Every structure is written in structure tokens, then in C-alpha cells.
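Below is one structure, written out as C-alpha cells, with a few remarks after it.
Chains as they are written, first to last, in this note's numbering: chain A, 1 to 353; chain B, 1001 to 1353; chain C, 2001 to 2353; chain D, 3001 to 3353.
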């Protein structure tokens, strides 16, 4: 329940990893948030620079200079957004003072099982206390726990698009958990701002390429949450593709219906779940989700279509990987944690064309 | 002077041409404006449809249905934004009731000389009264007249980028008006949403092409305003190029310095002019304007560089053609006309990447 | 069997529909063919113009002027490539003299069942004699019949990519025909050169959108050929997506293994089938097909990957929709029909980056 | 003069720097050359790998493995193409045996004055003998010297586009050498395959940015050649822009006419110069050069347009920076050096769309 006094309070915020794409987009969105005071921006390798030097598009926000993380006076900070790469995120978060609420956009606190984390991320977790405490920040499903959480682990971009579409279907037992195929497509910003040959304009442009087939780290994350929904171990096909666009993510899920169900039942389950949702929208019949319609916004568009193969259906989900798939959902979780309206700072419509 | 009572008033607004790109972007921006009530959306060939049908990215704004323009009850409307093609814009604007304030984004009321209009737009103007009354809506230069205007003719996208960069230089007599070369580059949305072969993805993608060399309609518009600044007839080179991106416009102007001036003088003139400007920003030394840093925002980035040829300089200006080059500037003019802060509804930072 | 005298003969060729993308690409490729004489270029709405007017990139090939189809003297022509839209293709092909060999790149003679054609293409076929005579031009499977055919119906771009990957698997009974899911992705040139809003740069750029879900005309074509392979009726899931690139097509097929088979068996079946193939290449283990590696070439890259779900596999196939998916395969068929080496005129490697 | 016996000889070729874009494109083109035997491919950091590993699109050319340069047996080699970065190119070329003909695509032997080289490239040249011997490989101007050269320094991509357009105009004294403004635009491949933040898809996509304003290394190269043409020191404005496309380069040159000349005179000068040129084409009146029409080909399209400012004209030139701007021109020079038809291996038309 949000009260008037909560509405007017200012929360002092630090962003760690402010020079990456998720950090930058968090700053862009937070600047529209009436109750956030951006006190500290942390970017280790850019310490001492202005945000305008690393992100010229944010030059006019009167932001603090970039700092090394150990130069921050945490006493004045209430909440931290962390946009660091996995591994580094964990290493820093374990050292943060207890009074801070933490919204982590990295992968470090998403996988609940430390052994599974070690298998997929190649290092031991060694912060199991924090891991147990962390709440998985899929806002539309865990807002109750997020409200009181100290550490929220925001879902990966692909898991967000996938789980928003499939979790209600598994919870309502309208699809078969043993036959879920997720063909996923992402824009290049999903790979981050680090330098890699395959994300050069010349390599990714005018081309389409699948990658990490059967080996993408978002697969175990998706499986963890789907398994939880059906109380049994779920294994999915998850096949991502790199698309020549900067922002946007779309998953096309091929699912098997439960014997008594039709594709229309799937649509009704989703419509019921998201009837009052601010950001997750089940489209009218035959309308097709497309990434250009959610670009820059916190919306997720979902729809269901009949399959030509009897007993199957197609579920499509589209979002902006940097917003609803990362910084937007992080801000939505922040709103829940601090008792604000969940849409505060997130009212921007998509930028099209 | 803006008063408190003005700040809280709601202005009832109609948008004509709501199914085009400038109309759509006006709606996107107006939706963030606290004092606009979007009462009517007019789109002749889509009358009866929902805005969501023509622009799915705006589906969640609780907008009125699209109407034919003659189905609108103008009595309840205070202001009209017009995003129609030229010719059609004139034909409708002449029929609008007197009590309406009109912000026209078409080309029909930009050229002050009816004969020049006829020469470049291929039809007689025949609304000379309105033409004389119209104020050229380059906000940073004519806000005084815009405040009291009934009809504001918003500048073209290229003229906006060009004039913001060059007008102060001519007014301050630091460059030679007889030797101005404007190499202009635009994203494809500048061509509108109409169907043309050269704006298909397959034709415009992965390619760069100059067009309308020496014949673009924005040349006489630029010359009209530059001539006014120096009280003599100015002829410019204006050479536009089509760039494979959706949004963004950049002009690279090659100018000859007045004998006593250096390129640094040009920079100082611009810095002085825009010292307190909300949206026009002269960048720090050596920082290069780029369209990706203003995408989706109402900013215009300008900077000056020395030329290798002695006695010359390079002036670069970048903006988003649909925002500062059209709908954003229109909204800025609306704010001036109705006594609001000029930045109301326009605070969004650029979307990058 | 190709003889020396065949190798030196010149074949007089006409291209109908020379102003479309498939017609244009046919001309580009044919110009590298040592035994083709391009005698006539037909483009109804551009009759009288030079090819350079509609395709400036082909200006230096010393091509004949574009003609209306009824101005052609067919007596001097040996072979016709037809790049017209469906419907129009049929209407003209039925009127062509008997001595001509015809390579049709339209959809009109692909579907063998006239009722199925009527259902999917919205008009009766009414040329059943020709239809029965036509050979389905999937070169790697029907070269024997193509050798002696008078009319070859070149497969659609999606069916080519799909069938090259899946036909051997069904013929060798290593996958289950009742559970085939084809997630297909195409560049924008697949939609042709006609003017449509959704293929404008501004609409298709920086975005990804599924389309024709469950309703694409290539689905029944794929099913026809797969059904033939297993002697039973096959229904597939076929879900195409529009990708912001001009050329390229990739299908990600999700298949169920026959109980005794592993994903490695699928790979071995494909390797055996294409061991000596000039254009269809099964990639080394773990190498991922990508459209940028076949752009502009007649190659099709295929590979097989294990699925995380036991008993399933992923088959990926990539080609250039205008070359191996249309004009290139047409030229390959021409080579087979006239006794040339199938690679003549098709030796160009892909253009990357 | 080319004789029949020359036509049938095979030249043994090594490519140094085969893993970069210019090296890769050289291999693509050389594979279509009937008289080249690609004996050695050198790529230091990829020694031991297959070319297919670094350039999958060239997998089917039966190429030798990549080697370190000092593992090459130069005795069997006749000619070397060098696609290394500047500095490294010089260091290796000085060590190559005397019997080799060398076509260098780097910048190391373009600037004739060692001091100027040191100023712009930041290191002393220290190979002045070779530097004096090197011939500037602008084929259309220096074919006589190229025929007998041992070392050909291929021009930079921007200088090629610029000089082909402007050299004839200066040589024929129809334009003023003191007032030349070159607004240049390039696709991203011009920056090479090295990892840089500004060439990531996310940074360069959907945006346009000028760069190296007044400081680009191609400016002194252009000036050197223009100065030579008029026997006096020429300084030009040269302002490059990065365009969101992989291939293609276009320069828009703004020039002042000599008092007695019209823009038509410029066109006539160019038409006369290139009347019999295989690759440099002066377009028909009003036809506009565009990079998509030369993509992947060795053509350069040029045209002249009247300026709105009296006494001035606009000269536009477009080419593919990796072909006519680098590897294609290198192969053309090879043909001249070895007595082949200059078009051998370069007959591919542009790939469009």
C-alpha cells in the first residue's frame, strides 16, 4: 500500500556499472523518476570522467562524476542498482553495507543452486547466505517478496520474455512441461558494450546467426523458474539468434497443449493473469508482437496463435531487452521495494519509427 | 510570463494527420505533457480505426478513435497540431474556426512569398491572409512572436538544423553569406510514411545516396531566413543525402570566415546565443555532434571546427528530424503559445543505443 | 552427361519480370555465365526503358532494352526465366510457344494439386496440363527429371532452405514426420520490390516481427514435398519472421528423433547426402550457419545440433533467398536442363562483410 | 601489350594480412581470377588455422592454411598482396626478397615525403629507398609506371574516390585548387576488423557521426596528389562521416569553377578522361551516384551537378571501399603489372539489393 508520505520521499540512489548499456539505460529512466536522487555513479575504469564522456546522450542530466566503487560514501545511499558483469557483481555486492537495498541486474543471484551456478558460470559462488536471501525479480510474479527484499536479482532478458509468456501457462496446467521449444531472437545490445568481433557492425549487420545453441546461460535460469511452477524438473529447448538491430528481443515458443485445452485457453489464461498489468499486454486476436512496438519502453507484448499441428500452439513475447529485460524491470522492482507506484519513471511509450 | 494558474490549465488538443510519422511522434510526446488533453485524432483514410491499428506502439495511451476531419466538433478544441502533407494542410487549415491556435508541421506556411511557394510547391497558395499572419516557428529565434501567434508554421527539419547553427553566425556577421555550403544527411523517416520505392528497406538499406541535388524545397526556406538575417539575398548550396537509419539528421556546413574572425569566434557566438537554451547545446571543444546522441529527444547538438583551408570553418549540427525537426519543436511552440515552460513534455533524454 | 559440344553452345535466353528482385538477380548471375546470351528482358510496366533505369547496378552489362512481353520474338529464344508474381506468371506461361524451356521462379507450378493451389492462392489454376508436366526444381533432389523437363517450377525460398535440411532426414526415417517445427527468418527482399508499408526502411528497420503465422503459402509447399518423402500426409509448424536485413534466410527446425536415432545420425545422413554437392554444405561440428556467410552466393549451409530435451535435435539451414532461394537455383536448373556443369555462372563466393 | 602466352601463365601469389577485411576481399576476388594461384595466406595471429575459421564465407575455395609470415617459402612466390595495418606493413615489406612484385594496400608507401609520413603516422619511415621506388597505384592515372613497378602503393579508399573525381578537373584547370571541400562518407568496414567501441553495431547503427575532422590521414595523401597535378601546394577540406552500412563510400566535393568554365565543362572533362575506362563511369545527366549500386564491384560512379551558388559545382563519386577502394584496385594493379587485361577477376557486377 502506497501512502502519500511515501510518494513524496526522495530515495538516494547509486548506480554501479554506469558505463555499460544496462547502467546507462537505468540512468536514462531514473532521470524521469520523481523520487530518485541519483547520488553516485560508479564506473571503475572511467573513474573521474563525466557521464557525458561515456554516454553523450545523457549529458544534460546534471549527474555526478563517475567514481571508483570504493570512493563512494555509502552512508548517504539508500539503494544500489548494479549493472556489472556477473562475477564482478557478486564480488562487489558482498562488500556493500547492510543498510542498502540492492537491485542487481547481473546474473549472479538468479540461479538459486550454487552448484548449478558454478557449472554454468565457471566459478564457485561463495556467497550462499546472500544467494538464499535474494528474491528473483520477475515483478509480475514476485512483487510480494520483492516488497520486503533487501537484494533483488533481476531476471535475464530472455528469461523475462519467456517466463512472462510461459509461467502462467504452466501454473494453470494448460501446456505440457516436457515439450517446450523456445526460439529466441535478440538485438546486439544484449551482448553488452564490451568489444567482441561478432558484435562489430560489419559482422552482425545484414546477417542473422544462431549462437550458444543448447549452451546459453539463460536456459538453466528459465528451467529453474518453470520447474518451480510445476514442482518437477523441466528441461527446455532454448535457441537464441543474433538479429541486426540494437534493441529488442522476441521469443517464439512452441508448446504442446494439455489434452483438454485449445490455444484459446492459453490466451484466456494469459489475459486473466495480465488483465490489470501495467506493462505486460496480451494483444488482441491476430495482432503480432514485434520488437519495434516496444522499443525503449517497459512493455512486454504477448500473444497466442494456433499451430498447424493439432494439439500445439505458438506463444510469442516481445520486449526491449535493455528496459523490461533489464533496467526497466529493475526500476519497476525498485518502485515495489520502496512503496511507489510500479510505473513511476517508466511511463515512456515506445520510440517508433 | 508564466503564472501558476496557467500551469494547471488543461488545453484541449486535436492532431490532424495522426497516422503519419510526425503526427504519431506528436502524440507520443504530448502523452507526457501534463497539460494537454488529446481530444481528437484526425486521419482521413483511417477514420473509425483505433490509433493502435496504425501505431501499435501507442496502444496504451487511452486515445480517442481516429476521425475524418469534418467529423470533429471544433468547439471543444483549443489547439490543433497539423501533420498533413503540404497542400492538404493549407486546404484544411483555411477552413478551421478562428478560435483555434494552430501549430502546422507542414511546409505550407513557411515560405512567406506566395510566388516562391508556387514555384517550389507547384500550386498557388491562395491563402495570403493566413500566410501573412503565420509566424515562422523557430522557437529559439521567434519565441516573442510565437507567444501571441494564432498560426505557427514549424520549420522543416533541415532548416531547423541549419538555421540553429548558422543564423547566429550571420546575425553577428562572423561568416560570409555568399559562400555557405550545407552538406545535409537524413534518416529515412524524413521521407514520411508514404510508399516510395527508394524508401523500401531493400533500396535504402546498406547504402548512401544524395538526392534532390540543388532542387530540395528546404533550400529556399533556408535562404529566406538567412536573407532576413543579413538584409540581403542569400543563396546557399544545399545537398541532402539519404542515410540508412530511421531517425536523425546532421548538417555539415562549410563556411567562410569574415576577414577578422577565427573559428573560435564562431564558437563563442554560438555559445553566447545558446548559453541558457534548454534544447540547443554547443558541445565542448572537439566533441562531435552525432545523431545517435539525440535520437528521440528534442536536443540539437552543435559544434564548430577549424578547416584545413585558412579562413574557413566547419559547423556541424545534429538533431532528431521527427522531434526537434518536427513534432518536438511543434510542442515547444505550443508551450510558448500557451504560456507553459517550453520544456514541458519534452524532457525525455535520447534513446541510446 | 555433358559433352564438349554442349559446353560451347550459346543458349538464347529471355527473362520475364526483369525489373523485380529475382529477375534482377538472375540477370546479375547470368551475366557471369559463359554460355548464356541474354536476348530479351521483359518488364511490362517499364517497357522501353533501359535496365540501367530500373537497376543502375547492372548498367554495364550491354543488356537489351526492356520490352512488353508481347513484343518479344520468341522464335530466336531457347529458354525463358520467369520472375513474375504468381497468377501473372501462369497467365503468361500458358501462352508461351512449345519450343521454349521455361524456368519459373513464381509459385504457380509448385503446388501439384489444383484445389490446394486455389485454396492458398485464391484463384483456380486452369492450366492443369502444364501443372502435371512441371517438375519441382529442387536441384539436389530432382536433377534427373529436371534434365528432360520443359517447365521447371523453382521452389520457394523457405521451402528450399527447409527441404534441403529435412528431406534427407525423412527419406532416411531418422526423424518423426508428425512433430516438425520450422522457425523461419527472412530478410526483407523476400517480400519483393512492390510497395508495402511493412517493408519500408522505417517500419522494418531496427525491429523483428513474426508474420503470416500458420498461414504462409510456403507451408503447404513444404508439406507437399515432405509428405511425398514419407508417403503419408505431413503437417508442419511453419512460422516466418521478418529480419532487418536485405538478403538472407535461415530456418531453425526443431525435430523429434526416431527412437533409435541420435542427433549424430542426422548429421551423418546429411553428410552422406551432400558429400559431393557443389552448393549444399554440411558444416563441421559446432559451426553455426549464418546468413552473412552465404550472402550473394548459391550455397546453402546446414548443420545439426543436439537439443537439451532428450530425443530431439535442432537442424539449421541458411541461404541467400534471392540466390539459392530463387535466381541461383533457377540458373542451376537451367544448367541441368541444358547439359552444362551445374555450377556454371554460380561460382561467386559470398560477399562479406 | 598483352600476349597470348601471358594470358595463360599462372602467377603464384601470397596474401599477407589475410584475416583482415581487405585481405579477405582480395582472396574473394582473386579466386575468380583465371591466372592466379593462391599459394600462401599469411595471418600472424591465426597461423595454423584454416581460412574458413576466420572467414567462413570463403570455406570452399581450397585455400592453403594460414601461416606466420616467416614460415613462407618465398622462392615459389611471384607476387605479394599486403593487407596489413600501416607500420607493420612497412616492417615486413622491407624484408621481402627482391624477386617479388608487391602490391601494398596499407598506407606505408603512399606518402612520398618521409617527414610528412612521420608527422601523420607517428613514426619515422626508415625505408626511403623503397619509398622512392614505390608507384602510387591509382590505376587510371599511373598504369604506365605500374606496368614496370616492383612495389605499388595502392591509394587509400577516400583518396581513390576523391582523386578519380578531382584529378582530371585540376589537370584540365577547370576548377580552383584553393577552394576544394570534400564531404566524405564511409561504411563501417573502412575502420577494419579490429575491435573498437565506435564500430560496434550498437554504437554505429542507426546513427551518423563525423570523425577525425581536419585530422584524417587521407587528407595529406589527397593533397599530395592534387598538388602534383597543379604544380603547387594544395590544401583541401576533408571531412569524413561514419555511415551505418558495412560497405560503400561516397564523396561529395564542392568546387569553385575557373572563371571561364561551367559545370558542364567539368562533366565533359570527366567524360573524356573516362570514355574508355572499364571501371570509372561518368553517369548520364541527373543520375546520382549511390553506394548501393557499386557494392561488391570495382566500379566508381561519378557525376557533376550545378550548384545553386553561381560559379560553383558539385562533384559526386561513389565506390565500394573494400573493392575499388582497396582489394579490387590492388588486383587491377596486379593485372597491369603482369600484363593481364585490367578487368581479369573483377567482372562481378554489384550486389543489389
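Glycine residues also receive a C-beta, built at the ideal position from the N, C-alpha and C atoms. In this text the structure is predicted, and so the values were computed from the model without any measurement.
Compare the C-beta of residue i with all C-beta atoms of chain C and state if any pair is closer than 8 Å.
{"i": "residue 3028 of chain D", "result": "yes"}
{"i": "residue 291 of chain A", "result": "yes"}
{"i": "residue 18 of chain A", "result": "no"}
{"i": "residue 162 of chain A", "result": "no"}
Measuring only between beta-carbons, confirm whether residue i sits less than 8 Å from chain B.
{"i": "residue 3111 of chain D", "result": "no"}
{"i": "residue 3350 of chain D", "result": "no"}
{"i": "residue 353 of chain A", "result": "yes"}
{"i": "residue 137 of chain A", "result": "no"}
{"i": "residue 31 of chain A", "result": "yes"}
{"i": "residue 296 of chain A", "result": "yes"}
{"i": "residue 3214 of chain D", "result": "yes"}
Which bits of chain D does residue i rub up against, with CB to CB less than 7 Å?
{"i": "residue 1246 of chain B", "result": "3206"}
What three-state label does DSSP hand residue i in the structure shown?
{"i": "residue 2015 of chain C", "result": "strand"}
{"i": "residue 2145 of chain C", "result": "helix"}
{"i": "residue 1093 of chain B", "result": "helix"}
{"i": "residue 2274 of chain C", "result": "coil"}
{"i": "residue 234 of chain A", "result": "coil"}
{"i": "residue 3059 of chain D", "result": "coil"}
{"i": "residue 1312 of chain B", "result": "strand"}
{"i": "residue 2303 of chain C", "result": "strand"}
Going by other Cβ atoms of all chains shown within 10 Å of its Cβ, with 16 needed for buried, is residue i buried or exposed?
{"i": "residue 3045 of chain D", "result": "exposed"}
{"i": "residue 3321 of chain D", "result": "buried"}
{"i": "residue 1216 of chain B", "result": "buried"}
{"i": "residue 1019 of chain B", "result": "buried"}
{"i": "residue 3300 of chain D", "result": "buried"}
{"i": "residue 307 of chain A", "result": "buried"}
{"i": "residue 231 of chain A", "result": "exposed"}
{"i": "residue 119 of chain A", "result": "exposed"}
Measure from the C-beta of residue i to each C-beta in chain A and report whether the shortest distance is under 8 Å.
{"i": "residue 2222 of chain C", "result": "no"}
{"i": "residue 1114 of chain B", "result": "no"}
Among the options, which one has its Cα closest to the Cα of residue i?
{"i": "residue 2042 of chain C", "options": "C/2238, C/2052, C/2016, C/2265", "result": "C/2016"}
{"i": "residue 3130 of chain D", "options": "D/3091, D/3291, D/3163", "result": "D/3091"}
{"i": "residue 1187 of chain B", "options": "B/1011, B/1329, B/1059, B/1318", "result": "B/1318"}
{"i": "residue 134 of chain A", "options": "A/115, A/287, A/69, A/108", "result": "A/108"}
{"i": "residue 3209 of chain D", "options": "D/3288, D/3348, D/3245", "result": "D/3245"}
{"i": "residue 172 of chain A", "options": "A/325, A/75, A/64, A/265", "result": "A/265"}
{"i": "residue 3311 of chain D", "options": "D/3179, D/3168, D/3291", "result": "D/3179"}
Could you list which residues in chain D have their beta carbon closer than 9 Å to that of residue i, in chain order?
{"i": "residue 1189 of chain B", "result": "Residues of chain D passing the Cβ test: none, with the nearest at roughly 11 Å."}
Residues of chain A with CB under 9 Å from residue i, in chain order?
{"i": "residue 2145 of chain C", "result": "By Cβ distance, chain A contributes nothing, its closest Cβ being about 29 Å from residue 2145 of chain C, past 9 Å."}
{"i": "residue 1081 of chain B", "result": "Going along chain A, no residue has its Cβ under 9 Å from residue 1081 of chain B, so there is no contact; the nearest lies around 17 Å."}
Can you list the residues of chain C that residue i reaches, using a CB-CB cut of under 9 Å?
{"i": "residue 3355 of chain D", "result": "Outside the shown range of chain D, which is 3001 to 3353, sits residue 3355 of chain D, and nothing can be said about it."}
If we cut at 8 Å on Cβ distances, does residue i have a partner in chain D?
{"i": "residue 201 of chain A", "result": "yes"}
{"i": "residue 2274 of chain C", "result": "no"}
{"i": "residue 2056 of chain C", "result": "yes"}
List the residues of chain B that residue i touches, going by C-beta distances under 8 Å, in chain order.
{"i": "residue 2197 of chain C", "result": "1193, 1195"}
At a CB-CB cut-off below 7 Å, which residues of chain B make contact with residue i?
{"i": "residue 3250 of chain D", "result": "1208"}
Mind pulling the chain A residues with CB within less than 8 Å of residue i?
{"i": "residue 1021 of chain B", "result": "353"}
So which residues on chain C does residue i lean against when the C-beta distance must stay under 7 Å?
{"i": "residue 254 of chain A", "result": "2181, 2237, 2254"}
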